[in-house]
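Chains as they are written, first to last, in the working numbering: chain S, 589 to 719; chain Z, 28 to 269.
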Amino acid sequence: MPRYVFDLNTGREVFRDPDGMELADATAAEAHGAAVVREIIRNNKAQTSAWRLQIHTGEREPCFEILFASVDDSIRHLPLKVQALVRQGSSTTASLMETFQAVQLTLLRAKAAIARSRKHPYIAASDGVRI
Amino acid sequence: MASVQVPASGHLDNRLLAHLPGEAFALLRPDLRQTIIPAGMIMLEAGRPIEKIYFPQTGLASLLVVTRDGGAIESSTIGREGAVGLHCGLGDRLSFTRAVAQIGGRFSVLRAARFAQIVQDFPDVRNLISNYTEVLWAETQQIAACNAVHDASSRLCRWLLQSADRVGSDQLTLTQEFLAQMLGVRRTTVTLLAQALQKKGVIKYSRGQISILERGALEACACECYHVIQDDRLPGSVGVRL
């Protein structure tokens with residue numbers, strides 16, 4: 589059976605799943621992912637709707653992602669139009685956070701490049717990899 | 028399973044045994060066996076007669092409610108502050124829950140029938156059983172509420188603190204599969220929540236070993252249930268002495 593890994597991206601931080609899980613196929617991985625998202629949302633006081641669970645293959649090739657708002661049962665009582673708006677808003681927030689993450693990384697890399705060109709020491713890392 | 032006679036001091040690592048009146052303990056002592064119980068061993072099965080009582084010295088036991096589809100969720104944890112199956116000292120009883128060794132370790136084991144004989148002659152031991160049962164009942168109610176209304180991350184923190192207290196160590200040997208079962212969630216959920224705590228520097232997790240690094244921070248992340256069921260607080264709050 590193929591292995592899938594499930595990373596949690598809160599927009600501010602990414603929590604990696606080091607082990608992953610052997611599952612029959614992508615459909616099973618999606619069902620597992622949706623169940624994990626529901627377990628994290630349940631009774632959680634944090635604002636989780638723009639969080640994403642990012643599913644990769646065992647070789648860390650991206651497969652798909654689950655936006656928390658898309659499986660959040662706590663908005664089911666709202667009219668369909670409002671539910672769609674919540675999901676759309678959460679999706680936009682998630683993209684925005686992702687852009688911020690990318691900008692921060694670029695800034696960090698630029699600082700490192702400048703420091704090194706001036707022969708100053710500079711130590712920074714992203715996801716355990718030195719920048 | 029190794030079974031050997033040990034000095035009383037080994038048995039007395041269990042606080043319930045240490046609380047027994049001296050005379051009652053002296054009578055029980057020849058029948059107490061110290062056993063090393065491995066993690067995962069089932070001590071009591073739901074619906075089966077309780078034949079032995081297990082007093083943890085260093086290990087930790089969990090009482091699990093098992094559902095028909097084979098799922099299980101923890102309803103209580105028993106460490107050196109208590110005993111598994113103690114209420115059978117009041118007479119023959121069937122176990123309502125499954126009891127499994129969560130963390131392997133030393134346990135003192137006693138035949139239920141022998142314990143029941145001694146209890147008849149010692150009203151103090153009878154009181155101890157009934158007080159302990161009340162405390163366990165209170166804890167079970169708190170955990171039922173906790174499972175229903177608190178999020179998985181605060182429950183995980185509560186569980187780690189409570190278990191650390193009950194084995195007397197900030198290093199816990201247990202797998203994420205087991206932890207997931209205790210909390211009634213998937214292993215991936217436990218992994219991600221543990222990663223978040225690790226990134227904050229609160230715990231350290233490596234293959235089957237969890238270390239609590241910042242106890243205060245872990246308490247701040249736990250739900251209030253940890254403080255409610257703390258061993259030095261709970262008996263007093265239900266008005267009994269243990």
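We put the beta carbon where it would ideally sit given N, CA and C, even for glycine.
For residue 234 of chain Z, no CB of chain S lies under 7 Å from its own CB, so it is not counted at the interface with that chain. Within the DSSP secondary-structure output, residue 83 of chain Z pairs in a beta bridge with Z/134. With a beta-carbon spacing of about 6 Å, residue 81 of chain Z and residue 136 of chain Z fall inside the 8 Å limit used to define contacts. Apart from sequence neighbours up to five positions away, the residues of its chain that approach residue 710 of chain S with a beta-carbon distance below 8 Å are 699, 700, 703, 704, ordered along the chain. Using a CB distance cut-off of 7 Å, residue 151 of chain Z does not count as an interface residue toward chain S. Counting only Cβ-Cβ distances below 9 Å, residue 654 of chain S has no contacts in chain Z at all, with the closest Cβ about 12 Å away. If you check the CB distance, residue 87 of chain Z and residue 124 of chain Z do not come in under 7 Å. When only Cα atoms are considered, residue 660 of chain S and residue 231 of chain Z end up about 31 Å apart.
Counting other Cβ atoms within 10 Å of its Cβ, residue 256 of chain Z reaches 16 or more and is therefore classed as buried. Pairing residue 594 of chain S with residue 215 of chain Z gives a Cβ-Cβ distance under 7 Å.
At a cut-off of 7 Å between beta-carbon atoms, residue 137 of chain Z makes no contact with chain S. Within the stretch 212-246 of chain Z, those residues whose Cβ lies closer than 8 Å to any Cβ of chain S are, in chain order, 212, 213, 214, 215, 216, 218, 219, 220, 222, 223, 226.
The criterion of a C-beta distance shorter than 7 Å is not satisfied by residue 101 of chain Z and residue 258 of chain Z. For residue 223 of chain Z, no beta strand (DSSP E) segment is defined; the enclosing uninterrupted segment is the alpha helix (DSSP H) at 214-226.
Every unbroken stretch of the alpha helix (DSSP H) spanning 4 or more residues and falling wholly within the stretch 43-122 of chain Z is given here in chain order: 49-55.
Within the DSSP bridge table, the entry for residue 660 of chain S names no partner. Taken through DSSP and simplified to helix, strand or coil, residue 202 of chain Z comes out as coil. For residue 593 of chain S, the three-state secondary structure derived from DSSP is strand.
For residue 61 of chain Z, the number of other beta carbons within 10 angstroms of its own is at least 16, and it is reported as buried. Counting along the chain, residue 705 of chain S sits inside the alpha helix (DSSP H) bounded by residues 668-705. Within 8 Å of the CB of residue 177 of chain Z, the CB atoms of chain S belong to 631, in sequence order along the chain.
Non-local beta-carbon contacts of residue 657 of chain S in its own chain, meaning distances under 6 Å to residues more than five positions away in sequence, involve 637, 674, 675, 678 in chain order.
In the DSSP assignment, residue 239 of chain Z falls outside any alpha helix (DSSP H) and within the unbroken beta strand (DSSP E) covering 236-239. Contacts between residue 622 of chain S and chain Z, judged by CB atoms closer than 8 Å, are missing: the closest CB pair is about 11 Å apart.
Cβ contact annotation for residue 253 of chain Z (same chain, cutoff 8 Å, sequence separation greater than five): 184, 185, 188, 189, 246, in chain order. The straight-line gap separating the alpha-carbon atoms of residue 603 of chain S and residue 715 of chain S is approximately 9 Å. Counting of Cβ neighbours within 10 angstroms places residue 194 of chain Z among the buried residues, the total reaching 16 or more. Inclusion of residue 142 of chain Z and residue 83 of chain Z in the CB contact set at 7 Å is not warranted, their separation being larger than that value.
Proximity to residue 641 of chain S across S/684, S/628, S/635, S/632 peaks at S/628, based on C-alpha coordinates. DSSP places residue 654 of chain S in the strand class (E or B) of the three-state scheme. For residue 151 of chain Z, same chain residues with a beta-carbon under 6 Å away, outside a window of 5 residues either side, are 48 in chain order. Between the C-alpha atoms of residue 76 of chain Z and residue 224 of chain Z there is a straight-line separation of about 41 Å. Chain-ordered, the chain Z residues with CB closer than 8 Å to the CB of residue 627 of chain S read 179, 212, 213, 216.
At a cut-off of 7 Å, the C-beta of residue 596 of chain S has a neighbouring C-beta in chain Z. For the pair residue 213 of chain Z and residue 617 of chain S, the Cα-to-Cα distance works out to about 13 Å.
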